[in-house]
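The structure under discussion appears below in the form of structure tokens.
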Amino acid sequence: MKYFMRKIVFFIVTIWIAITLNFILPRLMPGNPAQAMMSKFAQQGAITPSQEHALALMLGMPTGSLWTQYWQYLLHVCEGNFGVSYSFYPVKVITVIAGALPWTLTLVGLVTIIQFVVGTLLGVYAAWHRGRKFDSVATVLFSFTSAFPYFWIALLFIYLFGYILNWFPISGGYSGSLSPALNWSFVGSALYHSILPALTIFITGIGGSLLSMRNNMINTLGEDYILLGRAEGLSETVISIRYAARNALLPIVTNFAMTLGMVVGGSLLMETVFAYPGMGYLLSTALSNQDYPLLQALFLFITVSVLLANFAADIVYGFLDPRVRRGGAR
Amino acid sequence: MRRLKRNGMIVATLGVSLVALTGCGSNGNSATSPSPANTVNASQLVVGVDNGSPTFTDNFNPFAPGNRIGTSYIYEPLFFVNTINGKIDPWLATGYQWEGNKKLVLTIRSGVKWNDGTPFTAKDVAFTFDYLKQHPSLDWQGLWKVLQSVTTNGNQVVFTFNKPDVPAFYEIASTIIVPQHIWSKIAHPTKGLNSNPVGTGPYEVDTFTPYQYTLKRNPNYWQKGKVQVKKIVFPVLGNNQTAALNLSSGKWDWATLFLPNVKQTFVSKDPQYNQYWFPPGGIVALSLNLGKAPFNDVHFREALAYAINKTKIAQQAEDGYVATASQAGLVLPGQKQWLDSSLPNGGSYSYNLTKAKQILSQAGYHLNAQGQLVAPSGKSVSFSLEVPSGWSDWIQSAQIIQGNLKELGIQVNVSTPQYGSYSQSQAMGQYDAALTAYGGTATPFTSYDTLLNSKYTAPIGQNANADQERFNSAQTNQLLSSWRQATNQQIQLQDAYQIEKVMYQQLPVINLFYGATWSEFSSKKFVGWPSASNPYAPPAPYGQSPLMIMTHLRPQS
Numbered sequence: 000m001k002y003f004m005r006k007i008v009f010f011i012v013t014i015w016i017a018i019t020l021n022f023i024l025p026r027l028m029p030g031n032p033a034q035a036m037m038s039k040f041a042q043q044g045a046i047t048p049s050q051e052h053a054l055a056l057m058l059g060m061p062t063g064s065l066w067t068q069y070w071q072y073l074l075h076v077c078e079g080n081f082g083v084s085y086s087f088y089p090v091k092v093i094t095v096i097a098g099a100l101p102w103t104l105t106l107v108g109l110v111t112i113i114q115f116v117v118g119t120l121l122g123v124y125a126a127w128h129r130g131r132k133f134d135s136v137a138t139v140l141f142s143f144t145s146a147f148p149y150f151w152i153a154l155l156f157i158y159l160f161g162y163i164l165n166w167f168p169i170s171g172g173y174s175g176s177l178s179p180a181l182n183w184s185f186v187g188s189a190l191y192h193s194i195l196p197a198l199t200i201f202i203t204g205i206g207g208s209l210l211s212m213r214n215n216m217i218n219t220l221g222e223d224y225i226l227l228g229r230a231e232g233l234s235e236t237v238i239s240i241r242y243a244a245r246n247a248l249l250p251i252v253t254n255f256a257m258t259l260g261m262v263v264g265g266s267l268l269m270e271t272v273f274a275y276p277g278m279g280y281l282l283s284t285a286l287s288n289q290d291y292p293l294l295q296a297l298f299l300f301i302t303v304s305v306l307l308a309n310f311a312a313d314i315v316y317g318f319l320d321p322r323v324r325r326g327g328a329r
Numbered sequence: 000m001r002r003l004k005r006n007g008m009i010v011a012t013l014g015v016s017l018v019a020l021t022g023c024g025s026n027g028n029s030a031t032s033p034s035p036a037n038t039v040n041a042s043q044l045v046v047g048v049d050n051g052s053p054t055f056t057d058n059f060n061p062f063a064p065g066n067r068i069g070t071s072y073i074y075e076p077l078f079f080v081n082t083i084n085g086k087i088d089p090w091l092a093t094g095y096q097w098e099g100n101k102k103l104v105l106t107i108r109s110g111v112k113w114n115d116g117t118p119f120t121a122k123d124v125a126f127t128f129d130y131l132k133q134h135p136s137l138d139w140q141g142l143w144k145v146l147q148s149v150t151t152n153g154n155q156v157v158f159t160f161n162k163p164d165v166p167a168f169y170e171i172a173s174t175i176i177v178p179q180h181i182w183s184k185i186a187h188p189t190k191g192l193n194s195n196p197v198g199t200g201p202y203e204v205d206t207f208t209p210y211q212y213t214l215k216r217n218p219n220y221w222q223k224g225k226v227q228v229k230k231i232v233f234p235v236l237g238n239n240q241t242a243a244l245n246l247s248s249g250k251w252d253w254a255t256l257f258l259p260n261v262k263q264t265f266v267s268k269d270p271q272y273n274q275y276w277f278p279p280g281g282i283v284a285l286s287l288n289l290g291k292a293p294f295n296d297v298h299f300r301e302a303l304a305y306a307i308n309k310t311k312i313a314q315q316a317e318d319g320y321v322a323t324a325s326q327a328g329l330v331l332p333g334q335k336q337w338l339d340s341s342l343p344n345g346g347s348y349s350y351n352l353t354k355a356k357q358i359l360s361q362a363g364y365h366l367n368a369q370g371q372l373v374a375p376s377g378k379s380v381s382f383s384l385e386v387p388s389g390w391s392d393w394i395q396s397a398q399i400i401q402g403n404l405k406e407l408g409i410q411v412n413v414s415t416p417q418y419g420s421y422s423q424s425q426a427m428g429q430y431d432a433a434l435t436a437y438g439g440t441a442t443p444f445t446s447y448d449t450l451l452n453s454k455y456t457a458p459i460g461q462n463a464n465a466d467q468e469r470f471n472s473a474q475t476n477q478l479l480s481s482w483r484q485a486t487n488q489q490i491q492l493q494d495a496y497q498i499e500k501v502m503y504q505q506l507p508v509i510n511l512f513y514g515a516t517w518s519e520f521s522s523k524k525f526v527g528w529p530s531a532s533n534p535y536a537p538p539a540p541y542g543q544s545p546l547m548i549m550t551h552l553r554p555q556s
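Which chain is which? The protein sequence lines are A and B, in order.
For what it's worth, numbering that gives the first Met the number 0 labels the leading residue of the first sequence as 0, then goes sequentially.
For what it's worth, numbering that gives the first Met the number 0 labels the leading residue of the second sequence as 0, then goes sequentially.
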């Protein structure tokens, strides 16, 4: 029990630190949002001196001492009030995020899980049959695919399947003639638009989970308890899955939890290339416009979800591996 | 983000995307944009210009900074001012008259209606300006610093100034007019989304989805007969690469993209119809911090002007799309009526390394043993040149300058900070050198005033709204002040000539090349686009040009 209590206290403290850092960091960045916003207009024509002043007035720059701003910020975070976004002015930050989160969670989340499951299973298979044909082909092939720069492969797919063959739409989350709604034409259009993005993340990502599972598993296969299992005459399936794979999976669980936590941040490159309406695109918009309120809220979402996922992994770990719990209790 | 709006299109395309889903093996692309790619819809224009983030917010609020670009097809100004040549066309106002230099009288067009059917009157005009006064955050041009009152007199609107500011006419002329019967009830003008905009313009909102919106013709429009494009479609722009694919595949009819090798990447895809026109829209210049040595030495600046190969910059960094800029500070050829013909060589400094070296040595500069340029003060000359991160053509220009100045023994470090930091270091005067853009305004006065008038500047370390290079000349201030007060064209011209001389001889900034307005369009469906031979408006699908262009386009016969 002590183990879990400790983890909970640790979790709460990290959250507080994260929230505080989140307050400080944007204020350390150079320039102010009105200037950043001007950059958009600067590319569209001349700027007169009064314009920046007018913008600053409109956006309502933070006032008061840092201390007051901090307390106000803490209070607002608890209420889920992140203010008005600068780049989507006058829409509220929370509304902007609510519009993007489902897209990222569904597409990036699903692809991450599928990629993990498929990659891990293939990794188990490759390690078990190491040195054979599948292993040698898969290891080389997936080292290769996981080294592809994502941007390059995404643009290649767009050019090939979107532009030359005209099979898939080249950007967007759904058809421009539809508004989000729960009906077949919309869901269909969204699915259709998600094929290319999903495929590109899957291809560039699967290598990582396959290779790490394979290498872990090869390590565990050299352990004494595998030899013992063999000597006791356990079936190959039992040894490979319940002894080797289960133990090899332990470090990967943490890794996977982290990745799941990061899903909330979206896939920045994918979403930028495909103009996909998710969190990654929001993040890049917020960054380039110095949209502090949106930026803070996004970082907060990402940090909290990574911490939550980590926390969950710690808890699960405690059950999966009794040594962790005992180690603390002594 | 708001959804669920006018649902005509939704029903119509229900079938389309289902077909797309099942038949994605063959020709599923119909789902992205149901009309242009496969069946050319001759009555609608598809414009790739509005970038959602990545989706659109249903915001047609003319006062909100992040509004949809389509907003400028809906609201109109009093005059259309062509920033290319400064030509003024009557729009919601039919004429203007200065009475002295502190009173401007506009005559308002009769017979104009708002798109909800309410008549447009002079009262709406006066209301709009009063509205800006009540909400200083809307007064982007700072009009109420010089205005005293705006009153109506029948179909006339009278602007009274508290001090003479004749060029303010251009700002009044281009102010977007909003209806009193709608906005008088809105207390927080920028807080609302304004999804159903009521304007006098040629178009009104038809359908809206987060990835695409369409505008249809305003049935009450005062120049109804001139508007022949029935529908305008704005899809999400997306990133540069996909936007270029959409344009070259013919899905879009009009876009404003920087395309490398435009003849190959765009025109050659459909040579009969695909066209582009990249007119100069401003000046890109090297700004040197005049508050620091050696930049405060005019000889040093003069040497730099000769040592920088502007032709190479225009050719390499800008793909040869732009011309080198005259040092006079005018955007030529559009503003040629302002150019003092006595300036040598059209006011240009041509590349001449020998001359640059000669000027430096005459001014007491020399090279040390390491080949570095040493100023008369004994300090070796090196500086950093700031360009916003990601502005690749500017970065390339900066690198060419770096190479050029190496020939003089000057070490230049090109730094690429984020825009916010770039703009801050200029405002505070903490930079050494930076590339910057100015000009392209309807009257050169505005450009000169913001560039040179030391009343906007501030000491180093304090925020300067304009004149960020910290030029300070009593003579120039005097000239600007005389120009500001002059309603007489001849006096304006004389002041302009004097200021051009200042620009040419004192080099407050070193002009490099003209920044272009990117515009690619297809005449497959519509003809009558602006061109170099008929520059009736800048060819941009944003700003106020669309009002002029949409009243010029007619169907390809």
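Just so you know, even glycine gets a beta-carbon here, dropped at the ideal spot from N, CA and C.
>> Within 8 angstroms of any Cβ in chain B, is that where the Cβ of A/Thr284 sits?
In response: Your numbering for residue 284 of chain A matches position 285 in the first sequence. True, the Cβ-Cβ gap to chain B drops below 8 angstroms.
> Cβ of A/Ile152 within 8 angstroms of Cβ of A/Thr199?
Replying inline: Residue mapping note: residue 152 of chain A aligns to position 153 of the first sequence, counting from 1. Residue mapping note: residue 199 of chain A aligns to position 200 of the first sequence, counting from 1. Contact flag set, yes.
>> Does the CB of B/Pro178 have a neighbour CB from chain A at under 8 angstroms?
In response: Position 179 of the second sequence, counted from the first residue, corresponds to residue 178 of chain B. No, B/Pro178 does not count as interfacial toward chain A.
> Counting pairs of Cβ atoms below 8 angstroms between the segment 222–236 of chain B and the segment 149–157 of chain B, do you hit three or more?
Replying inline: no
>> Can you confirm whether A/Phe141, when its beta carbon is compared against all beta carbons of chain B, has any partner nearer than 8 angstroms?
In response: The residue given as residue 141 of chain A occupies position 142 in the first sequence. Taking Cβ atoms only, chain B never reaches closer than 8 angstroms to A/Phe141, which makes this a no.
>> Here's the rule: buried if 16 or more other CB atoms are within 10 angstroms of the residue's CB, otherwise exposed. What is A/Phe133?
In response: Reading the first sequence from its first residue, position 134 is the one you call residue 133 of chain A. The residue is exposed, with fewer than 16 neighbouring Cβ atoms inside 10 Å.
>> Please identify, using Cβ separations under 7 angstroms, the residues of the segment 419–430 of chain B that lie next to chain A, in order along the chain.
In response: Gly419, Ser420, Ser422 and Gln423
>> With distance defined between alpha-carbon atoms, name the residue in B/Ile509, B/Glu203 and B/Tyr74 nearest to B/Ser325.
In response: In the second sequence, counting from the first residue as 1, residue 325 of chain B sits at position 326. Minimum Cα distance to B/Ser325 is reached at B/Ile509.
>> Within a Cβ cutoff of 6 angstroms, which residues of the same chain sit near A/Tyr149, ignoring the five residues on either side of it in sequence?
In response: Looking up residue 149 of chain A in the first sequence gives position 150. Around A/Tyr149: Thr203 and Leu268.
> Along the segment 50–68 of chain B, what residues have a CB closer than 7 angstroms to any CB found in chain A?
Replying inline: Ser52, Pro53, Thr54, Thr56, Ala63, Pro64 and Gly65
> For the segment 222–238 of chain B, which residues have a CB atom closer than 7 angstroms to at least one CB atom of chain A, in sequence order?
Replying inline: Pro234, Val235, Gly237 and Asn238
>> Under 8 angstroms, with one C-beta from each stretch per pair, do the segment 287–299 of chain B and the segment 356–370 of chain B reach the 3-pair mark?
In response: yes
>> Let me make sure I understand the geometry here. Which of A/Ser84, A/Asn165 and A/Leu190 has the alpha-carbon closest to that of A/Ser174?
In response: What you label residue 174 of chain A is simply residue 175 of the first sequence in a count that begins at 1. Closest by alpha carbon: A/Leu190.
> Is DSSP giving B/Lys262 helix, strand or coil here?
Replying inline: Here residue 262 of chain B refers to the residue found at position 263 when the second sequence is read from its first residue. In this structure, B/Lys262 counts as helix in the three-state DSSP scheme.
> What residues from chain B crowd round A/Phe87, counting only those whose CB sits closer than 9 angstroms?
Replying inline: Taking the first sequence and counting its residues from 1, the one referred to as residue 87 of chain A is at position 88. Within 9 angstroms Cβ-Cβ: Met0, Ser52, Thr56, Asn58 and Gly65.
> For a contact meaning CB atoms closer than 8 angstroms, what does A/Leu154 contact in chain B?
Replying inline: As a first step, residue 154 of chain A is located in the first sequence; it is residue number 155 there, counting from the start. Those within 8 angstroms of A/Leu154 in chain B are Gln240.
> Which chain A residues sit within Cβ distance under 8 angstroms of B/Pro554?
Replying inline: Position 555 of the second sequence, counted from the first residue, corresponds to residue 554 of chain B. Within chain A, no residue comes near B/Pro554; the closest Cβ sits about 23 angstroms away, beyond 8 angstroms.
>> DSSP has B/Trp253 in a bridge; who is on the other side?
In response: Translated into positions along the second sequence, residue 253 of chain B becomes position 254. Bridge partners of B/Trp253: B/Val46 and B/Phe520.
> Considering only the beta carbon of each residue, do B/Glu519 and B/Leu246 sit closer than 8 angstroms?
Replying inline: For the purposes of this step, residue 519 of chain B is identified with residue 520 of the second sequence, where counting begins at 1. For the purposes of this step, residue 246 of chain B is identified with residue 247 of the second sequence, where counting begins at 1. Cβ atoms of B/Glu519 and B/Leu246: closer than 8 angstroms.
> Since B/Ser248 meets chain A, which of its residues come closer than 8 angstroms, beta carbon to beta carbon?
Replying inline: Residue mapping note: residue 248 of chain B aligns to position 249 of the second sequence, counting from 1. Neighbours of B/Ser248 on chain A, chain order: Tyr162.
>> Just verifying my parser: in three-state terms, what is the DSSP assignment at A/Arg131?
In response: Here residue 131 of chain A is taken as the residue at index 132 of the first sequence, counted from 1. DSSP places A/Arg131 in coil when its eight states are reduced to three.
> Alpha carbon to alpha carbon, what distance is there between A/Gly187 and B/Ala426?
Replying inline: The residue you call residue 426 of chain B lines up with position 427 of the second sequence. The residue you call residue 187 of chain A lines up with position 188 of the first sequence. Distance between the alpha carbons of B/Ala426 and A/Gly187 is about 51 angstroms.
> So B/Lys356 is in the alpha helix (DSSP H); what residue range does that whole segment cover?
Replying inline: Counted from its first residue, the second sequence places residue 356 of chain B at position 357. Leu352 to Gln361 is the span of the alpha helix (DSSP H), which, as asked, contains B/Lys356.
>> For a test of the three-state rule: what should DSSP assign to B/His365, helix, strand or coil?
In response: Residue mapping note: residue 365 of chain B aligns to position 366 of the second sequence, counting from 1. Reduced to three states, the DSSP call for B/His365 is strand.
>> Helix, strand or coil for A/Thr105? Go by DSSP, reduced to three states.
In response: Taking the first sequence and counting its residues from 1, the one referred to as residue 105 of chain A is at position 106. If DSSP states are grouped into helix, strand and coil, A/Thr105 belongs with the helices.
> Along chain A, which residues have their Cβ under 7 angstroms away from the Cβ of B/Pro259?
Replying inline: Within the second sequence, the letter at position 260 stands for residue 259 of chain B. The premise fails here: B/Pro259 is roughly 15 angstroms from chain A at the closest Cβ pair, so nothing lies under 7 angstroms.
> In chain order, what residues of the segment 456–472 of chain B put their CB closer than 8 angstroms to some CB of chain A?
Replying inline: Asn464 and Ala465
> Is the Cβ-Cβ distance between B/Tyr350 and B/Tyr305 less than 8 angstroms?
Replying inline: Taking the first residue of the second sequence as position 1, residue 350 of chain B is located at position 351. Taking the first residue of the second sequence as position 1, residue 305 of chain B is located at position 306. In contact: B/Tyr350 and B/Tyr305 (Cβ atoms closer than 8 angstroms).
>> List, in chain order, every chain A residue whose beta-carbon is nearer than 8 angstroms to that of B/Leu244.
In response: For the purposes of this step, residue 244 of chain B is taken as residue 245 along the second sequence, with counting starting at 1. The answer, in chain order, is Ile157, Tyr158, Gly161, Tyr162 and Ile169.
> Counting pairs of beta carbons, one from the segment 210–221 of chain A and one from the segment 117–129 of chain A, are three or more of them closer than 8 angstroms?
Replying inline: yes
>> Check whether chain B comes within 8 angstroms of A/Ser304, counting only Cβ atoms and requiring the distance to be less than that.
In response: For the purposes of this step, residue 304 of chain A is taken as the residue at position 305 of the first sequence. Not closer than 8 angstroms to any Cβ of chain B, the Cβ of A/Ser304 fails to qualify, so no.
> What residue from B/Lys268, B/Ile498 and B/Asp392 has the CA that sits closest to B/Thr449's CA?
Replying inline: Residue numbering aside, residue 449 of chain B sits at position 450 when the second sequence is read from its first letter. Cα-wise, what sits closest to B/Thr449 is B/Ile498.
> Looking only at DSSP bridge pairs, what is B/Trp97 linked to?
Replying inline: In the second sequence, the residue the question calls residue 97 of chain B occupies position 98. Paired residue(s): B/Leu103.
>> Tell me whether the segment 241–257 of chain B and the segment 366–381 of chain B touch, counting them as touching only if at least three CB pairs, one residue from each stretch, are closer than 8 angstroms.
In response: no
> If A/Val95 and A/Leu293 are in contact, beta carbons under 8 angstroms, what's the gap, nearest whole angstrom?
Replying inline: Along the first sequence, read from residue 1 onward, the residue named residue 95 of chain A stands at position 96. Along the first sequence, read from residue 1 onward, the residue named residue 293 of chain A stands at position 294. With a Cβ gap of about 6 angstroms, A/Val95 and A/Leu293 count as contacting.
> So, is A/Ile251 buried or exposed, given that buried needs 16 or more other C-beta atoms within 10 angstroms?
Replying inline: By one-based count along the first sequence, residue 251 of chain A stands at place 252. Its Cβ being crowded by 16 or more others within 10 Å, A/Ile251 is buried.
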